[in-house]
Ligand code: HEM
């Protein structure tokens, strides 16, 4: 990468010449380097094509609130007008302006606080099922467990508990489809679909997925008066509202809801369990809070709301390792961002990970310190794990309910400790920051013997984990 200086001009534009693919290849390394070189506004340019990066609360606010200049085009590969791929990618994140506003109002209905309280018992029952399967003494890949758990939770809440096989199958298909979109679309930057090998495979899979979602919609249409899953609520609300959601948009929003809910929440669960296991003094304090405030095996709705340290832990976990690592908008027409004149279609990236690690916003930013939340109250554009502005996550209250139920339940029943010497690495894939390795943890009784262990992998470059004294490491290896 080399910085560009305009010829015959003393001013320096914050542009680096390099490979555009450096960004999807390693988003965090690329964004860190651009931020170090240029500060809060930067661009990466190759052969006249640019990706622009806007970091920090001021630019986040600018890009997120100026909806006329910066539009959302989450999916780069839309397929032909009549394709299943086009319908599946037609949810909220592909809509803008008045259409987005009207559809968002409709899609938000099943996610109001009073409605999601109805999902609580189901979340509890799926949490218990998972924990009943775990055995003291075994080592589990917690990354895999949290992904499977969220696959079950999301498919049941969206599609209902009465048809678990079909719900689960659709969940798995959507997951695979999200993955193919990322692989083929190169992290939402490539639109020249014909050049890419996996495109045909993506279109075929989209057809199969659409057929399965249609089967579910037909089933719910026939019995939606009784059912309380999100899809039935959406069908009912839509009918009462004069049917503003066409079938195409219903299919797109169902796929989007699943994709948006599943991995983001699973990654947040995994990161929080890992951070707690590696911070024994915080874990000890949290264990006391959970033991004294929760009477049964699982928290009640009221108990889950009354865990102040748990709340700070989750906030801090989502600051230091935000499951949504970056997002982007595209320039609608032409736009000016600081000294940069941007042409139509230019992608503008903003990053929760980089913003949450700015030392001017969060002193000692790479360190996990839940108690910092006793004294700070950042603006919505300085702390934005769920985004901010007119497209802020509509599933945030539901995600918080899942986190505040599952985490205390897991930590009350078991002590989780990382297997010493494990290689744990994280990366942003498809805009989500999650583990790309196993996260192996030993399951013990809740005996309060919390200890950090040495770990390898790039996790240490994403967040500061406490140093484990060498003597302690030897002791742990002997005991293992
Ligand atoms: C920890 C879990 C979650 C995280 C970190 C997260 C993060 C985000 C972020 C950052 C955005 C903003 C996107 C943008 O500005 O382009 C967003 C939007 C969205 N999220 Fe979430 N989300 C989570 C859970 C959920 C859940 C559980 C659901 C639904 C069941 C959901 C549904 C949505 C939808 C539909 C949007 C699009 C809103 C719009 O375009 O108006 N999310 N989410």
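Numbering (this note's numbering), first residue to last: 10 to 489.
Note that CB positions come from ideal geometry on N, CA and C, so glycine has one too.
Own chain partners of residue 327 with C-beta closer than 7 Å, once the 5 adjacent residues on each side are dropped
Position 318 of the chain shown holds residue 327. Once the five neighbours on either side are set aside, the close Cβ partners of residue 327 are 277 and 394.
Which of the three DSSP states, helix, strand or coil, is assigned to residue 409?
Here residue 409 is taken as the residue at index 400 of the chain shown, counted from 1. DSSP places residue 409 in helix when its eight states are reduced to three.
Using only CA atoms, which one of 323, 135 and 349 lies nearest to residue 158?
Taking the first residue of the chain shown as 1, we reach residue 158 at position 149. Looking at the Cα atoms, 135 is the closest of the given residues.
If distances are taken between C-alpha atoms only, which option among 221, 422, 66 and 452 comes closest to residue 9?
Past the boundaries of the shown model lies residue 9; the chain is included only from 10 to 489, so the question cannot be answered.
Can you confirm whether the stretch 413-423 touches the stretch 331-348 when touching is taken to mean that 3 or more C-beta pairs between the two stretches lie within less than 8 Å?
no
Label residue 471 either buried or exposed according to how many other C-beta atoms from any shown protein chain fall within 10 Å of its C-beta, with 16 as the threshold for buried.
In the chain shown, counting from the first residue as 1, residue 471 sits at position 462. So residue 471 ends up on the buried side.
Residue of 297, 362, 50 and 75 minimising C-alpha distance to residue 399
For this step, residue 399 is matched to residue 390 along the chain shown. Among 297, 362, 50 and 75, the Cα nearest to that of residue 399 is on 75.
Answer yes or no: the CB of residue 388 versus the heavy atoms of ligand 1, is any distance below 7 Å?
Against the chain shown, residue 388 aligns to sequence position 379. No, the beta carbon of residue 388 sits no closer than 7 Å to any heavy atom of ligand 1.
Indicate, with yes or no, if ligand 1 has a heavy atom lying under 7 Å from the CB of residue 116.
Sequence index remark: in the chain shown, residue 116 carries index 107 (1-based). The answer is yes for residue 116.
Could you give the distance in angstroms between the alpha-carbon of residue 475 and the alpha-carbon of residue 397?
In the chain shown, counting from the first residue as 1, residue 475 sits at position 466. In the chain shown, counting from the first residue as 1, residue 397 sits at position 388. Spanning the two alpha carbons is a distance of roughly 32 Å.
Beta carbon of residue 295 nearer than 8 Å to that of residue 377
In the chain shown, the residue the question calls residue 295 occupies position 286. In the chain shown, the residue the question calls residue 377 occupies position 368. It is not a contact, given that the beta carbons lie outside the stated cut-off.
Whole angstroms is fine: what's the gap from residue 87's alpha carbon to residue 190's?
Start at 1 with the first residue of the chain shown, and residue 87 comes out as number 78. Start at 1 with the first residue of the chain shown, and residue 190 comes out as number 181. Computed Cα separation, rounded: 10 Å.
Within 7 Å: the Cβ of residue 265 and any heavy atom of ligand 1?
Counting from one through the chain shown, the residue named residue 265 turns up at place 256. Yes.
For residue 470, which of helix, strand or coil comes out of DSSP?
As a first step, residue 470 must be located in the chain shown, where it is residue number 461. Note: residue 470 maps to helix in three-state DSSP.
Which residues DSSP lists as bridging residue 301, in chain order
As a working mapping, residue 301 is identified with position 292 in the chain shown. BP columns for residue 301 are empty, so no partner.
How many Å lie between residue 228 and residue 432 at the Cα?
Counted from its first residue, the chain shown places residue 228 at position 219. Counted from its first residue, the chain shown places residue 432 at position 423. When rounded, the distance between both Cα atoms is 45 Å.
Which residue or residues does DSSP assign as beta-bridge partners of residue 453?
Taking the chain shown and counting its residues from 1, the one referred to as residue 453 is at position 444. Note: residue 453 sits in a beta bridge opposite 424.
Tell me whether residue 410, by its Cβ, gets closer than 7 Å to a heavy atom of ligand 1.
Position 401 of the chain shown holds residue 410. Checking the Cβ of residue 410 against ligand 1 gives no.
If you run the structure through DSSP and keep just helix, strand and coil, what is residue 58?
Numbered from 1 along the chain shown, position 49 holds the residue referred to as residue 58. Residue state, collapsed to three classes: strand.
If we ignore side chains and look at the alpha-carbon of each, how far apart do residue 106 and residue 272 end up?
On the chain shown, residue 106 is found 97 positions in, with the first residue counted as 1. On the chain shown, residue 272 is found 263 positions in, with the first residue counted as 1. Those two C-alpha atoms are separated by around 27 Å.
Measuring from the CB of residue 240, is there a heavy atom of ligand 1 at a distance below 7 Å?
Looking up residue 240 in the chain shown gives position 231. Residue 240 Cβ: outside cutoff for every heavy atom of ligand 1.
Under a Cβ-count criterion, where at least 16 other Cβ atoms within 10 Å of its own Cβ denotes burial, should residue 9 be classed as buried or exposed?
Outside the displayed range of the chain (10 to 489) lies residue 9, so it cannot be described from this structure.
Below 7 Å, is the gap between the Cβ of residue 400 and the nearest heavy atom of ligand 1?
Position 391 of the chain shown, counted from the first residue, corresponds to residue 400. Answer for residue 400: yes, Cβ within range of ligand 1.
In whole angstroms, what is the alpha-carbon distance linking residue 448 and residue 279?
Along the chain shown, one-based indexing puts residue 448 at 439. Along the chain shown, one-based indexing puts residue 279 at 270. One C-alpha to the other measures close to 8 Å.
Any chance you could list the beta strand (DSSP E) runs of at least 3 consecutive residues sitting entirely within the stretch 268-314, in chain order?
none
Ligand 1 heavy atom lying under 7 Å from the CB of residue 407
Numbered from 1 along the chain shown, position 398 holds the residue referred to as residue 407. Yes, the Cβ of residue 407 comes within 7 Å of a heavy atom of ligand 1.
What is the residue span of the alpha helix (DSSP H) that residue 40 lies within?
Residue 40 sits at position 31 when you count from the first residue of the chain shown. Looking at the DSSP string, the run of the alpha helix (DSSP H) that includes residue 40 is 36-47.
Are residue 125 and residue 465 close, meaning C-beta to C-beta below 8 Å?
Within the chain shown, the letter at position 116 stands for residue 125. Within the chain shown, the letter at position 456 stands for residue 465. Their beta carbons are not under 8 Å apart, which means residue 125 does not touch residue 465 by this criterion.
Burial state of residue 98, where buried means 16 or more other Cβ atoms lie within 10 Å
Residue 98 sits at position 89 when you count from the first residue of the chain shown. With 16 or more other Cβ atoms within 10 Å, it is buried.
Let me know if residue 361 comes out buried or exposed under the rule of 16 or more other beta-carbons within 10 Å of its beta-carbon.
Counting from one through the chain shown, the residue named residue 361 turns up at place 352. Buried, because 16 or more other Cβ atoms sit within 10 Å of the Cβ of residue 361.
Note down the Cα distance separating residue 24 from residue 46, rounded to an integer number of angstroms.
Against the chain shown, residue 24 aligns to sequence position 15. Against the chain shown, residue 46 aligns to sequence position 37. So the two alpha carbons sit approximately 9 Å from each other.
In this structure, how does DSSP classify residue 202 when only helix, strand and coil are distinguished?
For the purposes of this step, residue 202 is identified with residue 193 of the chain shown, where counting begins at 1. Low confidence applies here, because residue 202 scores a pLDDT of 49, under 50, leaving its location unreliable and the question unanswered by this model.
First and last residue of the beta strand (DSSP E) that includes residue 442?
Against the chain shown, residue 442 aligns to sequence position 433. Note, residue 442: beta strand (DSSP E), 441-444.
Classify residue 286: buried if its beta carbon has 16 or more other beta carbons within 10 angstroms, exposed otherwise.
If you number the chain shown from 1, residue 286 lands on position 277. With 16 or more Cβ atoms within 10 Å of its Cβ, residue 286 is classed as buried.
Over what stretch of residues does the beta strand (DSSP E) that includes residue 336 continue unbroken?
Walking along the chain shown from the start, residue 336 turns up at place 327. Its beta strand (DSSP E) spans residues 336-340.
Assign residue 53 to one of three DSSP states: helix, strand, or coil.
Your numbering for residue 53 matches position 44 in the chain shown. Of the three classes helix, strand and coil, the one that applies to residue 53 here is strand, per DSSP.
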